[in-house]
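Visitor:
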Amino acid sequence: MKRGKKLAVWMAGAVLAAGLLSGCQKQQEPKTDEAQGQVQEGAQQAAGEDSKEQVTLRFSWWGGDSRHEATLACIEAFEKENPNIKIEAEYGGFDGYQDKMSASLSGQTEADIMQMDQPWMATFMAQNPDFFVNIRDYEDCISLDGFSEDFLEDFCVYSDKLVSLPTGTNALNLLANKAVMDKAGITFSDVITWDDFYEQGKKVNETDPESYFINMDNGIAFYATRIYLMQMTSRQLINEDYTLGVTVDELEEAFAYTKKLYDDKVIIPYEESMIFKGAPQDNPKWNNDQLGCWLNWSSTADQQQWEDNAVSLPYPRIEGAENSGVLIRPAQVLVVSSNCEHPREAMKFLDFMFNQEAGILALKDCRSIPPTEKGRQILEENGLISSQASQAVALAVEDPGMPELVVPNTTEVTDTFDAVIEKMIYGQYESPRAAAEEAHKLMSDMLATVKADME
1164 MKRGKKLAVW
1174 MAGAVLAAGL
1184 LSGCQKQQEP
1194 KTDEAQGQVQ
1204 EGAQQAAGED
1214 SKEQVTLRFS
1224 WWGGDSRHEA
1234 TLACIEAFEK
1244 ENPNIKIEAE
1254 YGGFDGYQDK
1264 MSASLSGQTE
1274 ADIMQMDQPW
1284 MATFMAQNPD
1294 FFVNIRDYED
1304 CISLDGFSED
1314 FLEDFCVYSD
1324 KLVSLPTGTN
1334 ALNLLANKAV
1344 MDKAGITFSD
1354 VITWDDFYEQ
1364 GKKVNETDPE
1374 SYFINMDNGI
1384 AFYATRIYLM
1394 QMTSRQLINE
1404 DYTLGVTVDE
1414 LEEAFAYTKK
1424 LYDDKVIIPY
1434 EESMIFKGAP
1444 QDNPKWNNDQ
1454 LGCWLNWSST
1464 ADQQQWEDNA
1474 VSLPYPRIEG
1484 AENSGVLIRP
1494 AQVLVVSSNC
1504 EHPREAMKFL
1514 DFMFNQEAGI
1524 LALKDCRSIP
1534 PTEKGRQILE
1544 ENGLISSQAS
1554 QAVALAVEDP
1564 GMPELVVPNT
1574 TEVTDTFDAV
1584 IEKMIYGQYE
1594 SPRAAAEEAH
1604 KLMSDMLATV
1614 KADME
């Protein structure tokens, strides 16, 4: 809850920060020959605007077409202003991206600048605390004035090092298509319970057997099952001491609800959704008014073509739950590899993305609500912030859930949890109880192994 309250205060009181730098500040001329020599040596390593050295940087990210197009436009604008710096774009979909990053970091073949999902950072930093540079070492090249210090401290600092910057403010979002809901006669109150979400959602497939209320791939394990558990228990799935935070009985109840969504065709069949794993918006039904909503992050709100029919709704919750379960965190984070040969130029590019008007206007809100005061103000003045993303963040800030702990986001935990739910959906357990018992055992065993490895 602490992070959510901090973020609410930060967003409500955001004002334009002064003194944003347009690039790397140049050293003042020293008075001694020794100092002059030191500055000349440092200048040879400084940003391209000083030496005019031709520099090439690789930038890796994932996303949909709208993010790719906006990021490429930002790169083009930056290269126009900095002709001695070339940014090589490496981009694709989300599926397999984490494995690709892990392999490249291990083999030291990673890009200079990388987009990461914030929950991955704990795993990468545990593997090697020196994978990424400390951004505070380059504050003469990038201004951090417009960022919330609390947000940076909560999500981007490890071992007192600022190793990443948030690309945007992200919140859990129920994005819905009013055309689909109206056709099925779905209406929701100001508070949407999971029971009502299920009962109303059944109407879509009952109205049209080729249509479904929820569009989701294996992400349902996180967006429904884990959030349901968090609301039910007001506890984390995994505690920081590497113990399970839920019981078999609690797992059974959450699993039973998830299975019910599939059994009664509230959610698109698993075998169909997995064709579009990592990019459910690519399903032709998505933009053909045959899928009514998805549970996802606000940063994905632009990945639909519903125009006036798109609306962000309050996230479903268990009636009477003390914890909303609605998470707020960075949309993604950007890091610079410690193997980058030109970190100052890399920081100059990040400064262009976050602080320079040309970069801000090029990127728009392709990574959700901008993380800086200046970025938000410029997009608001130009009408370039997605109303759906803005509404989702506003709803989340009103009633944020407890922040995620580090442990539940390790790959070992999520893979184990997801695998059990997938088997349950495919009918490989006699009951949700059997699935819950196996999940409890597998995760307990896995956590014991992970904890032993950490000691």
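Quick note, in the working numbering, the sequence shown goes up one by one and the last residue is 1618.
Note that beta-carbon positions come from the ideal geometry of N, C-alpha and C, so glycine has one too.
The structure presented is a predicted model; accordingly, all values stated were derived computationally and were not measured.
1) Run through DSSP, which three-state label would V1626 get?
2) Give me the Cα-Cα distance between S1269 and N1291, rounded to the nearest whole angstrom.
3) Report buried or exposed for Y1260, applying the criterion of at least 16 other Cβ atoms within 10 angstroms of its Cβ.
4) Where are the beta strand (DSSP E) runs, 3 residues long or more, that stay fully inside the segment 1367-1409, in chain order?
5) Could you have a look at L1605 and say whether DSSP puts it in helix, strand or coil?
6) Does the contact criterion of 3 or more C-beta pairs under 8 Å hold for the segment 1504-1523 versus the segment 1393-1407?
7) Drop a sphere of 10 angstroms on the beta-carbon of E1504, count the other beta-carbons inside from all chains shown, and report buried for 16 or more, exposed for fewer.
8) So for G1182, helix, strand or coil by DSSP?
9) With a CB to CB cut of under 8 Å and the five nearest residues on each side skipped, what residues in its chain are close to L1568?
10) Checking the sheet assignment: what are the DSSP bridge partners for K1324?
11) So, is P1595 buried or exposed, given that buried needs 16 or more other C-beta atoms within 10 angstroms?
12) Looking at C-alpha atoms only, which residue of S1352, G1331 and D1426 is the closest neighbour of I1377?
13) Would you mind listing the alpha helix (DSSP H) stretches within the segment 1251-1281 that are 4+ residues and don't spill past its ends, in chain order?
14) On the DSSP bridge assignment, give the partners of R1480 in chain order.
15) Which residue or residues does DSSP assign as beta-bridge partners of W1283?
16) So is I1491 buried or exposed if we call it buried at 16+ other beta carbons inside 10 Å?
17) Are N1386 and N1340 touching if we call contact CB-CB under 8 Å?
18) For V1489, I'd like the list of residues in its chain whose CB is within less than 7 Å of its CB, leaving aside the five on either flank, ordered along the chain.
19) Between the alpha carbons of N1450 and I1238, how many angstroms are there, rounded?
Guide: Taking the definition as stated:
1) Outside the shown range of the chain, which is 1164 to 1618, sits residue 1626, and nothing can be said about it.
2) Rounded to whole angstroms, S1269 to N1291 spans 9 Å at the Cα level.
3) Of the other Cβ atoms in all chains shown, 16 or more fall within 10 Å of the Cβ of Y1260; this residue is therefore buried.
4) Segments of the beta strand (DSSP E) lying fully in the segment 1367-1409: 1375-1377.
5) The answer is helix: DSSP assigns L1605 an H, G or I state.
6) No, they do not touch.
7) Counting Cβ neighbours within 10 Å, E1504 comes out exposed, since fewer than 16 surround it.
8) Interpretation of G1182 is limited by its pLDDT of 29, a score under 50 that renders its predicted location unreliable; the figure taken from the coordinates is listed afterwards. Coil at G1182, not helix or strand.
9) Excluding residues within five positions, the ones whose Cβ falls inside 8 Å are Q1399, I1401, N1402 and E1403.
10) Beta-bridge pairing links K1324 to Y1321.
11) It counts as buried.
12) Distance from the Cα of I1377 is smallest, within the candidate group S1352, G1331 and D1426, for D1426.
13) If we require 4 residues or more, the alpha helix (DSSP H) runs fully inside the segment 1251-1281 come out as 1260-1269.
14) Under DSSP, R1480 takes part in a beta bridge, and its partners are T1356.
15) Looking at the DSSP output, W1283 sits in no beta bridge, so it has no partner there.
16) Buried: at least 16 other Cβ atoms inside 10 Å.
17) Note that residue 1386 corresponds to Tyr in the displayed sequence, not to Asn. Contact flag unset, no.
18) Contacts found: A1334, L1335, Y1478, A1559, D1562, P1563 and G1564.
19) If you take the alpha carbons of N1450 and I1238, they lie about 29 Å apart.
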